[in-house]
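In the working numbering, the protein residues as written are 8 to 148.
For each residue, glycine too, the CB sits at the ideal point set by N, CA and C.
Since the model is a prediction, treat every value here as computed from it, not as a measurement.
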């Protein structure tokens, strides 16, 4: 019986094209895994910044909730930093926002009762993206 050495030799190893194809698939898979890890890290950072901004907003709204009508008009928002800005506004009869405090300002029209007070917290993350949360309450006292 005669064995063809040429056919045994041709199928004995792995062709270069097969190695290149397997390497390409492996590189694609690893890049997708690393991309997913980076995305998860970014999502965690976004979630943390939104949580911090939401807790700051809840604190401001809780402060406002305890104030009387006149005290709310004189409310001074917490000081802002480079990373975080807190804006507190009341809404006049036309629906236009007026930034607090308004105690010393003369208003063309009296403010409505109940008074809608809006608060907005803007927080910047390390990449420069802003995260904005806002809320409002009605002050009736």
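Task: Residues sharing a beta bridge with residue 104, DSSP - done: 98
Task: Cβ neighbour criterion (16 or more within 10 Å) applied to residue 127 - done: Buried: at least 16 other Cβ atoms inside 10 Å.
- [ ] May I have the straight-line CA-CA distance separating residue 52 from residue 24, to the nearest angstrom?
- [x] 42 Å
Open item on the list: Checking the sheet assignment: what are the DSSP bridge partners for residue 139?
Closed with: 129
- [ ] State the Cα-Cα distance for the pair residue 134 and residue 54, rounded to the nearest angstrom.
- [x] 14 Å
TODO: Closer than 6 Å by C-beta to residue 109: which residues in its own chain qualify, once you throw out the five before and the five after it? Chain order, please.
DONE: Around residue 109: 80.
Open item on the list: Let me make sure I understand the geometry here. Which of 123, 92, 86, 74 has the alpha-carbon closest to that of residue 98?
Closed with: 123
TODO: Pull up the CB-CB distance for residue 76 and residue 148, whole angstroms please, since I reckon it's below 8 Å.
DONE: 6 Å
- [ ] Select from 45, 86, 82 the residue whose C-alpha is nearest the C-alpha of residue 63.
- [x] Nearest of 45, 86, 82 to residue 63, Cα basis: 86.
TODO: State yes or no: is the beta carbon of residue 104 nearer than 7 Å to at least one beta carbon in chain C?
DONE: The chain labelled as chain C is not found in the depicted structure, where only one protein chain is given.
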